[in-house]
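Residue numbering for the first sequence follows the working numbering, starting at 713 and increasing by one per position.
All residues carry an ideal CB built from backbone N, CA and C; glycine is no exception.
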Amino acid sequence: MSKANKDTDVENIRHSLAHVLAAAVLKKFPKAKLGIGPVIENGFYYDFLLPRSLTPDDLKELEKDMKKLVSGNLPFAGKKITPAEAKKLFKDQRFKLDLIKEFVKEKKTLTVYRTGELFMDLCKGGHVKNTKEINPDAFKLTHVAGAYWRGDEKNSQLQRVYGLAFGTKKELDEHLKMLAEAEKRDHKKLGPRLKIFMFHETAPGMPYWLPKGTLIYNELINFWREEHKKRDYNEIVSPLLNKKELYVTSGHYDHYWEEMFVAETGENEEYGIKAMNCPNAMIVFGSESRSYRDLPLRFADTDTLHRYERSGTLNGLLRVREFRQDDAHCFVREDQIGREYEEIFGIVERFYSVFGLSYSFRLGTRPDNFMGDKKTWDKAEGTLEKILKKSGKKFVIFEKDGAFYGPKVDIIMKDSLGREWQMGTVQLDFQQPRRFKLEYADKDGSKKTPIAIHRVIYGSMERFIGILIEHFAGAFPLWLSPVQAIVLPLSEKFSKYAGKIYDELKKENIRAEITNANETLGKRIREAEMQKIPYVLVVGEKEEESETVNVRHYHRGQEGEISIEKLIKKIKNEIEEKVI
RNA sequence: GCCGGAGUAACUCAGUGGUAGAGUAGCUGUUUUGUAAACAGCAAGUCGCGAGUUCGAAUCUCGCCUCCGGCUCCA
């Protein structure tokens, strides 16, 4: 059997189970109103409007009932129907009637599928022929969540029941095991356990960076500074509070003010707390007269930003209210856009390959609340699409996903649970330079408006570190490890020798720790392993005599004795090369 | 913001109306260790916060806060 067929088979199983779920729900709640029940990655869901909230116990019962239905060898049979027939069949199902109306408008054919004698659904098909093709032990209802009808907040909220489903029980078990493994990588658990960051309830969505996390944070920023200095980026620091008027000029007051923290003075002046760096970058560009020779002119800025994200959207380090971006604004002439983008894509590749991260691009086009005129937008979108095609990289287009001031190219990554996150973003902006009346003198002496490219590579430091923790499962590459080596003297007799090793490591700027011999060696090794320290150095009689250490590496295991000079050289080289 | 779940010692968790518990971590002492958990003792709690019901609330009810899973949103 080909892979494509196998995929279709499991999709048919998932889709059929959505129908079986709806049948079980209707049995339990005859007045339930049905939404839709599509196939998703690894399973299915179905949306319902019910007289009461489902409990975890309800899910267990529904699952049991579904198994019974599946074992009843129910056939699936579909048949084309007319709109009039459809309206009659689903006269008590208001959401189905919505769909029928929509389908009629789009001139789609209507089909109804019956699951045995007990259930029918408006559906385009894609089922098993009979539920005997479904293994009753290879699916599981996992959770309930609220979901708006047709994905619109203004519509009623339905209860969405999620389920996992596979062809065999083994695949289901493997998937559940994988989820348990993913939980072990979860940065929300690992971060605090490894003392990288924490949260406090007085600052929702605003991380505390603990000493170890601050080391990682600073190493990432240092690397970023080195790489950007080479490429003629000029770092600036700008105010964290600006009067409302700045955001009126930039356009953020109309589009964004509600999501900003606002500070008020005793004299009733309103200040916006920095939520983005661009307006102040515009101010700096406009502070001098500029020539075409100055362009591209790049201002980088990593100031702390605050955004009042809605409470339900916060998610560990991946969605926060306080963060820093590795931001920069590149002011270019129109003819320089392509080159600048190519250069930025080069920076992206350099950075992501250092961590061994894979990513994809996403082009976001004109949103509904756009600023400026459609013609400029079309031109900008065309330019970006052309550059993306030329880059040879894979990309998808997300309609209406651009910033209000211009289209954007996002770098997309997945977390340990496979959820997609926007990391870096490169945004084209024809609007703000115009609004701030920025200009440069062109060759012929005429005044021209520059184009701004907003770009972040990591995205936000917070989100990036969250993804890194999950990517490395907390075992960072040596150059990022908060503790790079730990010295364990076998007993107190060797404390002095261990201290000497420790001093030499520190002298070479290697982040080292040392333990005393109060605990057994086994226990101290266990603790070092749990802290995911790359180099564990055991010293005892043999090592002291031969002036060596016994190396145990987090990934490579026990490596035996090595002289301290050789070890330091090796460690320094590994740090320098940023080995992953 | 909306739907659902959760919050008990620093951490992981037990405790369903009647004296707040265990393991780990911490501290003290003993042990001086050869590659993932030595032994003993001690200390540790506004049971998320606030109200209510009750003779009595970690436990029941209501409101709020925070976190988690979704939805919506995401410059």
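Identity of the residues DSSP links to L1009 by a beta bridge | Beta-bridge pairing links L1009 to F1043.
Under 8 angstroms between the Cβ atoms of N946 and F1011?
-> A contact, by the Cβ cut-off of 8 angstroms.
Where V782 falls: helix, strand or coil (DSSP) | Helix, per DSSP.
How big is the Cα-Cα spacing for Y929 and S1065?
-> Between Y929 and S1065, the C-alpha separation is close to 18 angstroms.
Continuous alpha helix (DSSP H) stretch holding K1219: start and end = Its alpha helix (DSSP H) spans residues S1207 to K1219.
Flag this pair as touching only if the segment 1072-1082 and the segment 1112-1127 have three or more C-beta atom pairs under 8 angstroms; answer yes or no.
-> The segment 1072-1082 vs the segment 1112-1127: in contact.
Compare the C-alpha of Q871 against each of V1138, E1286 and D770 and name the closest.
-> Ranking the options by Cα distance to Q871, first place goes to D770.
Unbroken alpha helix (DSSP H) run spanning K743, endpoints = Careful: K743 lies outside any alpha helix (DSSP H) and carries neither H nor E.
Around the C-beta of N1228, are 16 or more other C-beta atoms found within 10 angstroms, so that it is buried, or is it exposed?
-> Flag for N1228 reads exposed.
Any idea if L953 is buried or exposed, counting beta-carbon neighbours within 10 angstroms, 16 or more meaning buried?
-> Exposed, since its Cβ has fewer than 16 Cβ neighbours within 10 Å.
Let me know if D1090 comes out buried or exposed under the rule of 16 or more other beta-carbons within 10 Å of its beta-carbon.
-> Around the beta carbon of D1090, a 10 Å sphere encloses fewer than 16 other beta carbons of the protein chains shown; the residue is thus reported as exposed.
Can you list, in chain order, the stretches of the beta strand (DSSP E) that have 3 or more residues and sit fully within the segment 817-904?
-> Whole beta strand (DSSP E) segments, 3+ residues: 822-827, 831-834, 851-860 and 869-877.
According to DSSP, residues forming a beta bridge with S1172 | BP columns for S1172 point to Q1037.
Residue ranges of each alpha helix (DSSP H) within the segment 1218-1275, 4 or longer | The qualifying runs are 1233-1242 and 1253-1258.
Near G1068, which residues of its chain fall below 8 angstroms by C-beta distance, leaving aside the five closest residues on each side in sequence?
-> H1183 and I1292.
Contact under 8 angstroms by Cβ, G984 with K956 = Contact: yes.
Simplified DSSP assignment, three categories, for V1199 = Here V1199 sits in strand by DSSP.
Beta-carbon proximity list for K841, same chain, < 7 angstroms, skipping 5 on both sides | Correct list, in chain order: P787 and F788.
Mapping DSSP to helix, strand and coil, what is Q1143?
-> In the three-state DSSP reduction, Q1143 falls in the coil class, being neither helix nor strand.
Applying the criterion that 16 or more other CB atoms from any shown protein chain within 10 Å of the CB defines a buried residue, is K715 buried or exposed?
-> In this prediction, K715 has a pLDDT of 49, which is less than 50 and means its spatial position is unreliable; what the coordinates show is noted afterwards. Per the 10 Å Cβ criterion, exposed.
Exposed or buried, what is H964 when buried is set at 16 or more other beta-carbons lying within 10 Å of its beta-carbon?
-> With 16 or more other Cβ atoms within 10 Å, it is buried.
Would you kindly work out how many angstroms separate the C-alpha atoms of K739 and L1180, rounded to a whole number?
-> In this structure, the straight-line span from the alpha carbon of K739 to that of L1180 is close to 47 angstroms.
Counting only the same chain and skipping the five closest in sequence on each side, list residues whose C-beta sits under 8 angstroms from that of M832.
-> Result list for M832: L801, V824, Y825 and R826, in chain order.
Any idea which residues DSSP pairs L1075 with across the strands?
-> Partner residues in the beta bridge of L1075, as assigned by DSSP, are I1109 and V1121.
Compare the C-alpha of F1073 against each of R1019, E1132 and I1049 and name the closest.
-> Closest by alpha carbon: E1132.
Host alpha helix (DSSP H) of L958 (start-end) | Annotation: the continuous alpha helix (DSSP H) that includes L958 extends over K956 to S962.
Cα separation between M713 and G879?
-> Bear in mind that a pLDDT of 42 at M713, under 50, signals an unreliable position, so the number given afterwards is only what the model happens to contain. Distance between M713 and G879, taken at the CA atoms: about 14 angstroms.
Determine the closest residue to R1045 out of H1265, P1145, R1175 and M1135, with distance taken between C-alpha atoms.
-> Comparing Cα positions, the closest option is P1145.
V1138 - DSSP class collapsed to helix/strand/coil | Here V1138 sits in strand by DSSP.
Should Y1117 and A1197 be called a contact, given that it needs their Cβ atoms to be closer than 8 angstroms?
-> Contact: no.
D1154 burial status per 10 Å Cβ neighbour count (16 or more: buried) = Counting of Cβ neighbours within 10 angstroms places D1154 among the exposed residues, the total staying below 16.
Quick one: any contact between the segment 1119-1138 and the segment 1009-1024, if contact means 3 or more CB pairs under 8 angstroms?
-> Judged by Cβ distances under 8 angstroms, the segment 1119-1138 makes no contact with the segment 1009-1024, as fewer than three pairs qualify.
Reference I1049; option with closest CA among L902, P1189, A1092 and T1014 | The option with the nearest alpha carbon to I1049 is A1092.
C-beta contact flag for N785 and K844 at 8 angstroms | Yes. Within cutoff.
State the start and end residues of the unbroken beta strand (DSSP E) segment that holds Y983.
-> Start and end: E982 to I985.
Under a Cβ-count criterion, where at least 16 other Cβ atoms within 10 Å of its own Cβ denotes burial, should N660 be classed as buried or exposed?
-> Outside the shown range of the chain (713 to 1292) lies residue 660, about which nothing can therefore be said.
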